[in-house]
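Participant: Quick note on the numbering used here: the sequence shown kicks off at 1 and runs consecutively. The beta-carbon is built from N, C-alpha and C at its ideal position, and this holds for glycine as well. Below you'll find the structure I mean.
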Amino acid sequence: MSKINEVKAMVEAGKAKLVPGLVQEALAEGNAAKDILQGMVDSMRVVGDLFSAGELFVPEMLMAAKAMSKGVEVLKPLFADQSTSSLGTCIIGTVEGDLHDIGKNLVSMMIGSAGFDMVDLGVDVTPAKFVEAVKDNENVKIVACSGLLTTTMTKMQETVQALKASGVTGYKVIVGGAPVSAEYAASIGADGFAPDAGSAAVKAVELAK
Ligand code: B1M
């Protein structure tokens with residue numbers, strides 16, 4: 001079994017203690033960090049499908065998430081920004097009612113590696129907290145909202161509305177997450193949408209210009 005497949009199997013099995021070492025071994029074997037990352041993203045899809053099929057439950061989903069997060073910690077320095085000048089500040093968070101943070105963390109890592117100073121508000125972020133953050137931070141160019149649940153997608157709309165009503169300007173809002181589409185993003189007045197972490201970074205750079 002290739003090391004990436006071993007990483008994937010251990011993420012799916014929720015073996016958080018084994019994954020970092022296997023990620024190191026996969027790197028040592030010559031695999032690119034992005035390929036190892038993609039392997040772990042694919043594993044989370046498998047876990048989600050098993051959950052949908054009733055073959056796996058919330059605790060196992062949580063263990064798989066922890067295992068992936070440990071693997072991402074090993075890869076994070078490899079995606080670090082090498083540039084010295086900043087493109088501005090990016091505020092990021094998962095919207096209110098939603099506790100999923102793996103995708104948000106990957107998006108944060110990629111936007112950060114594109115040259116932004118990241119302010120990560122975490123998960124379950126209310127519209128008011130996003131507004132507070134654009135007021136409290138200097139040189140905010142991007143606000144990035146992540147959401148994984150169809151049930152809390154409306155909070156994304158409320159966040160965009162609250163940001164517009166705040167009167168603070170000079171930044172753009174991008175949204176994304178599995179249930180979010182370009183059409184939905186446009187319908188709630190967001191300035192941009194990205195389907196994955198890499199394109200979120202590209203979109204952030206484009207909008208911050
Ligand atoms: Co949850 N969960 N979960 N879960 N979970 C999903 C999302 C689900 C699709 C599973 C399923 O049913 N197949 C389903 C949502 C259904 C729906 O609404 N359509 C679901 C459910 C139902 C739930 C609970 C309600 C379950 C319950 O309690 N009965 C509950 C809700 C809790 C809450 O949030 N209030 C719940 C809980 C959890 C755990 C806590 C156990 C755990 C999360 C742990 C954590 O994040 N720390 C968890 C997990 C792990 C998942 C799955 C299996 C994996 C999510 C993940 O990390 N994917 C997920 C199934 C799936 O996704 N197939 C599922 C990997 C990650 C890299 O992908 O987050 O999509 P993703 O991010 C991508 C893109 O979406 C995009 O880029 C990322 C990287 O390329 N992206 C952006 C994300 N944000 C972006 C922002 C951008 C741009 C792109 O711009 C700003």
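1. Tell whether a beta-carbon distance below 8 Å holds between residue 194 and residue 200.
2. Which of the three DSSP states is assigned to residue 146 in this structure?
3. Rounded to the nearest angstrom, how far is the Cβ of residue 171 from that of residue 140, given a contact under 8 Å?
4. Thinking C-beta only, is residue 197 closer than 8 Å to residue 106?
5. Below 8 Å CB to CB, which residues in the same chain sit around residue 123 once its five sequence neighbours on both sides are set aside?
6. Let's see if you can read the secondary structure: which residues bound the beta strand (DSSP E) around residue 176?
7. By the 10 Å Cβ neighbour count, where 16 or more other Cβ atoms means buried, how is residue 43 classified, buried or exposed?
8. Does the count of Cβ pairs from the stretch 111 to 127 and the stretch 156 to 176 closer than 8 Å reach three?
9. Distance, Cα to Cα, residue 134 vs residue 169?
10. With distances taken between CB atoms, is the gap from residue 78 to residue 205 smaller than 8 Å?
11. Any idea what DSSP makes of residue 229, helix, strand or coil?
12. With respect to 7 Å, is the separation between the Cβ of residue 47 and the closest non-hydrogen atom of the ligand B1M below this value?
13. Do the CB positions of residue 39 and residue 8 come within less than 8 Å of each other?
14. What is the residue span of the beta strand (DSSP E) that residue 92 lies within?
15. Tell me whether residue 19 is buried or exposed, calling it buried when 16 or more other Cβ atoms sit within 10 Å of its Cβ.
16. Considering just the uninterrupted stretch of the alpha helix (DSSP H) at residue 154, what are its terminal residues?
Facilitator: Taking the coordinates as given:
1. Yes, the pair counts as a contact, with Cβ atoms nearer than the cut-off.
2. strand
3. 5 Å
4. Cβ distance < 8 Å, so residue 106 and residue 197 count as in contact.
5. Excluding residues within five positions, the ones whose Cβ falls inside 8 Å are 93, 94, 98, 99, 100, 101, 104.
6. 172 to 176
7. Looking at its Cβ environment, which holds 16 or more other Cβ atoms inside 10 Å, residue 43 is buried.
8. Enough Cβ pairs lie closer than 8 Å, so yes.
9. 9 Å
10. The Cβ atoms of residue 78 and residue 205 lie no closer than 8 Å to each other.
11. For residue 229 there is no data in the structure shown, the boundaries of the chain being 1 and 209.
12. yes
13. yes
14. Here the beta strand (DSSP E) through residue 92 covers 89 to 94.
15. buried
16. Start and end: 153 to 165.
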